[in-house]
Amino acid sequence: MNQGSLNVQAGAAFVDYEFLEEINTGKLSATMVNKFSCIALAGVAAEYLLYGRAEGGLADINKLDGLLKGLGFTQKKADSQVRWAVLNTVLILRRHEKARSQLAEAMSTGKSVGSCIQVIEECISTDDI
């Protein structure tokens, strides 16, 4: 792995402090694997919700599959993790549809990252996280 960074989508890299800390210790918790899996496949889940199918995302799935295999997952266990992550992420995005749609609008109009974070914070109460 490159300095604890995993590319999960064209030109985007996922680097989270907690993730990086666990990578540096050589131990990834199940919770972190679950969080990372959902983030890595969020684009696939969003595409499914919007269009009823997901044609893209194969690269994201392959990269996640590679990470899981690197962690010692069997192919069967990796496939199960991918299915769980997509289903869980679809459920999260459905529950927070307002935030997802307003975030998409903010991003499509070129709003800053700070403005996009504000959109999410205004749509989702801390009790619902």
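The sequence shown: position 49 = 49 (UniProt numbering), numbered continuously. Every residue, glycine too, gets a C-beta built ideally from N, C-alpha and C. Owing to the predicted nature of the structure, the values given are computational and were not obtained by experimental measurement.
Outcome for residue i when other beta-carbon atoms lying within 10 angstroms are tallied against a minimum of 16
i: GLN118; result: exposed
i: ALA45; result: buried
i: residue 131; result: Residue 131 is absent from the structure shown; the chain starts at 1 and stops at 129.
i: ASP60; result: buried
i: LEU58; result: exposed
i: GLN75; result: exposed
i: VAL113; result: exposed
Residue range of the unbroken alpha helix (DSSP H) whose run includes residue i
i: LEU93; result: 75-95
i: THR25; result: 17-25
i: SER114; result: Inspection of the sequence shows that residue 114 is occupied by Gly rather than by Ser. Note, GLY114: alpha helix (DSSP H), 113-123.
Proximity to residue i [Cα-Cα], best of the options
i: LYS27; options: LEU50, LEU103 and LEU68; result: LEU68
i: GLY56; options: TRP84, GLY43 and ILE124; result: GLY43
i: GLU47; options: SER101, GLY72 and ASN62; result: SER101
i: SER125; options: THR109, GLY52, ALA30 and HIS96; result: HIS96
i: ARG83; options: ALA106, ASP65, GLU18 and ALA99; result: ASP65
Beta carbon proximity, residue i to chain E, threshold 8 Å
i: ALA42; result: Although the question refers to chain E, the structure presented lacks it and comprises just one protein chain.
Okay, do the segment 90-110 and the segment 33-50 touch, 3+ Cβ pairs below 8 Å being the bar?
-> yes
Tell me the start and end of each unbroken alpha helix (DSSP H) in the segment 35-72 that is at least 4 residues and wholly inside, in chain order.
-> 42-51 and 58-70
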